[in-house]
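Read the structure below first, then the notes.
So, in structure tokens, the structure goes:
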């Protein structure tokens, strides 16, 4: 039996089961989820959901939205399913087991209003590949690359729908280039810094399907203060209400 941990979120209001030694979510997922602000009743899609942390956070904050979550790795899909049930969200978060590259919009459903992704960051051959297969597939573009992620997002989004992603700052051009090729126009970008004065480590990006050019830059987001604690803006991301993010 695979050993798991049970961690709480939102001051104990949410429980998240994770693999003790497999892939575990990071602050990146929390940062991305905080940027997604759906309207009541909207439909969202999370590509590569892992343990389901991004849909869990968003479903807690926005009680009228419905989310589909795609995961190809069986153990992680089982974990996501268990997390949705443990938090009584299985009626609003639907798990789709399978390869996101093969995903097609159902004929009897409208396209999605949002597609979100915390994709593998590293191209094959860059850095050491983790011997743990779960971690390797989550961190390296082994099964899927950013071009395939964006191609799927394009298929699944309605016209005017939003794409949200987090990606390494050093690969900013790769992401924006692929988005524009797919006619998901980059509309908002925020750099993420570990500490004030340090170079950007990550970027948060939103794009709109079939939109006109024109991008807005958000204020730089700093994760840690000089004491090593979360900055106030990041600390608020661990609260469950949407109002806490304003």
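In our numbering, the protein residues as written are 1218 to 1463.
Here a beta-carbon is modelled for each residue, glycine too, at the ideal position from N, C-alpha and C.
Being a predicted model, the structure only gives us computed values, none of them experimental.
The region 1326-1333 and the region 1374-1390 touch, with three or more beta-carbon pairs separated by less than 8 angstroms. In chain order, 1416, 1417, 1418, 1437, 1438, 1439 and 1440 place their CB closer than 8 angstroms to the CB of residue 1410, counting only its own chain and leaving out the 5 sequence neighbours on each side. According to the DSSP secondary-structure assignment, residue 1243 is paired through a beta bridge with no residue. Proximity of the region 1309-1317 to the region 1287-1296 meets the contact definition, three or more beta-carbon pairs being nearer than 8 angstroms. The three-state secondary structure of residue 1312, taken from DSSP, is strand. Remark: fewer than three beta-carbon pairs, one from each stretch, lie closer than 8 angstroms, so the region 1224-1231 and the region 1258-1268 are not flagged as touching.
Around the Cβ of residue 1220, a 10 Å sphere holds fewer than 16 other Cβ atoms; the residue is exposed.
In the DSSP annotation of this structure, the continuous segment of the alpha helix (DSSP H) that includes residue 1372 starts and ends at 1363-1373. Each of 1333, 1236 and 1386 was checked against the Cα of residue 1368, and the nearest Cα belongs to 1333. In the structure shown, residue 1221 adopts extended strand secondary structure according to DSSP, grouped into three states.
About 18 angstroms separates the CB atoms of residue 1264 and residue 1306; that is not less than 8 angstroms, and the two are not in contact. A direct Cα-Cα distance of roughly 38 angstroms separates residue 1449 from residue 1320. By the Cβ neighbour-count rule, residue 1414 is exposed, with fewer than 16 other Cβ atoms within 10 Å of its own. Rounded to the nearest angstrom, the gap between the Cα atoms of residue 1391 and residue 1402 is 14 angstroms.
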